[in-house]
Amino acid sequence: MIVTTKQVNQFINNIKKQESNFYFENKSGKSYFFSMTDENKTKNLNDIKQFLKNLDNLDNGEEEKNMSENEQIITYNHEKCLSSVNTILYGPPGTGKTYNSIKYAVDTVDEDFNQDGSKKFENYVERFNDLKTSGRITFTTFHQSYGYEEFIEGIKPVLGAISEKNELGYKISDGVFKKFCNKAASDESNKYVFIIDEINRGNISKIFGELITLIEDSKRSGEDEAMSVTLPYSQEEFSVPKNVYILGTMNTADRSIALMDTALRRRFEFIEMMPEEELLTDIVIANVNVKEMLETMNQRIEVLYDREHTLGHAFFMPLKNKEKATLDKLASIFKNKIIPLLQEYFYEDYEKIMLVLGIDPQNTDASKFISVKSNDELFKNSPDIDLNPTYQINEKAFQTPDNYMTIYGGASNSGEADETKDSDS
């Protein structure tokens, strides 16, 4: 019996609203998550056993292989909806934090949206935009100049605020979060999600001010320990509604979670999002195994730097689209995304970058991605001068499959074979 991906999703969705957790993965590494109440465990046991018997025959993607990244059917190995009113998705670049924030937000606000498990990411984006338009989801990005005035309220200059003449006056203006909370407070029966992208880039104390206490789940309006504050400019009483969910994303390559504001860390739940190389399992381009290549690079980065600066799978996800699965596209990803990111990570320490790419740091062969430049001609009149090495990135090398295979030890050994043959003769 063949069990299709759609049937798996339907089965999962039939029991997803229950209480107890059941988790497993098949041979290809795809994970599945089940929930059942204690009362239903025995009743569903036989169904689960039968499901597991058929799992090895699971159609692992003939229906999905030709889909682009944005067309992939949405499956889950975690809770669909946000379990906490304050959540942060954190991880290295390219691990799908913003991508998953869209899924989390839609499934939290509209729990019935993907009941049958058939929705694709493009459907999520469309629903996300609809919910943004209706005001039930808001998206903002923190940065160094972002402040309390933009987030809660502030005094802003306005021409003609005092009289009909073009005289400069001032008025109190509500910030984006205050407006959002006021709307949610008038619609308590529905959930609202406020997304903060790059939450770690902002000055949390400056932005949240006294509201850092009010966002706690126990301090929300309607809770037993509900609190409110008098805002400094408008003198209005303000509290955060309990139907407001705050979802932040955080890039650990910019700032470690350990360095975050302690007050913020204490009030948020954190969901780690690390590279999922198994999502690249089926991608082989010109004999280059993209999954093995990324796994090897990340293992080396973890040794040479740390796990917070690994490379996310999302950089290579466009290669899942057969039309884009070309050596030219792989070369473009490496040249324009991977190499610049490694340069940033290692502060242009090319010896470490070369180690990540499986290249000898003393390499002078210009057929490799990076090589040491010879500067002898520049200083031929000073042969004894002690020079620091300089490096060059060789663009033609990105069109050579062996250079990618060398990263994980999968390069062809034709050259070695020829040498062996010559020595035997």
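UniProt numbering puts the first residue of the sequence shown at 1, with every later residue one more than the last. Quick reminder that beta carbons are idealized off the backbone N, C-alpha and C, glycines included.
How far does the beta strand (DSSP E) with K156 in it reach, from first residue to last?
153 to 159
Starting from T133 and walking both ways along the alpha helix (DSSP H), at which residues does that stretch end?
121 to 134
Whole angstroms are fine: how far does the CA of Y408 sit from the CA of E62?
Legend: pLDDT at E62 = 44, less than 50; position of this residue unreliable, value from coordinates given subsequently. Taking the straight line joining both Cα atoms gives about 27 Å.
Cβ shell of V240 (< 8 Å), same chain only, five flanking positions each side left out
C181, L211, L214, I215, K219, R220, S221
DSSP three-state call for M354: helix, strand or coil?
helix
From what residue to what residue does the alpha helix (DSSP H) around L247 run?
Segment 244 to 251 is the beta strand (DSSP E) holding L247; no alpha helix (DSSP H) there.
Between A284 and A314, what straight-line distance do the alpha-carbon atoms span, to the nearest angstrom?
The residue asked about is misnamed: residue 284 is Val in this sequence, not Ala. If I take the Cα positions, the gap works out to 16 Å.
Work out the CA separation of N287 and Y90 for me, nearest whole Å.
33 Å
Which residues DSSP lists as bridging N289, in chain order:
V284
Counting only the same chain and skipping the five closest in sequence on each side, list residues whose C-beta sits under 7 Å from that of P93.
N251, A253, G312, L341
Status (buried if at least 16 other CB within 10 Å, exposed otherwise) for Y170
exposed
Who are the near neighbours of K329 in its chain, counting only those whose CB is closer than 7 Å to its CB and skipping five residues on each side?
P318, L319
DSSP puts P241 in a beta bridge; with which residues?
S221
Do M273 and T95 count as a contact pair if the criterion is CB distance below 8 Å?
yes
If contact is defined by three or more beta carbon pairs under 8 Å, each pair taking one atom from either stretch, is the segment 343 to 359 in contact with the segment 373 to 388?
no
Assuming S83 contacts T249 (C-beta within less than 8 Å), just tell me the rounded distance between them.
Not confirmed; about 17 Å, so no contact.
Could you have a look at G29 and say whether DSSP puts it in helix, strand or coil?
Any answer about G29 is weak, because its pLDDT of 45 lies below 50 and its placement is not dependable; what the coordinates show is given next. Reduced to three states, the DSSP call for G29 is coil.
Within 8 Å, strictly: CB atoms of T141 and E223
no
What did DSSP end up calling E272 once you bin it into helix, strand or coil?
strand
S374 - DSSP class collapsed to helix/strand/coil:
coil
By Cβ distance below 7 Å, which residues in the same chain neighbour E153 in space, the five residues on each side in sequence not counted?
I172, S173, D174, G175, K178, L231, Y233, S234
Does DSSP put I172 in a helix, a strand or coil?
strand
Nearest-angstrom Cα separation, counted from F128 out to V106:
6 Å
If you draw a straight line from the alpha carbon of T296 to that of Q399, how long is it in whole angstroms?
20 Å
Candidates R136, F316, K156: closest to T281 by CA position:
F316
What three-state label does DSSP hand G410 in the structure shown?
coil
Are residue 441 and L327 closer than 8 Å when you measure CB to CB?
For the chain, the structure presents residues 1 to 425; residue 441 sits outside this window and is missing.
CA-CA distance, E277 and L168?
57 Å
Can you tell me whether F180 is helix, strand or coil according to DSSP?
helix
Own chain partners of L387 with C-beta closer than 8 Å, once the 5 adjacent residues on each side are dropped:
N375, F379
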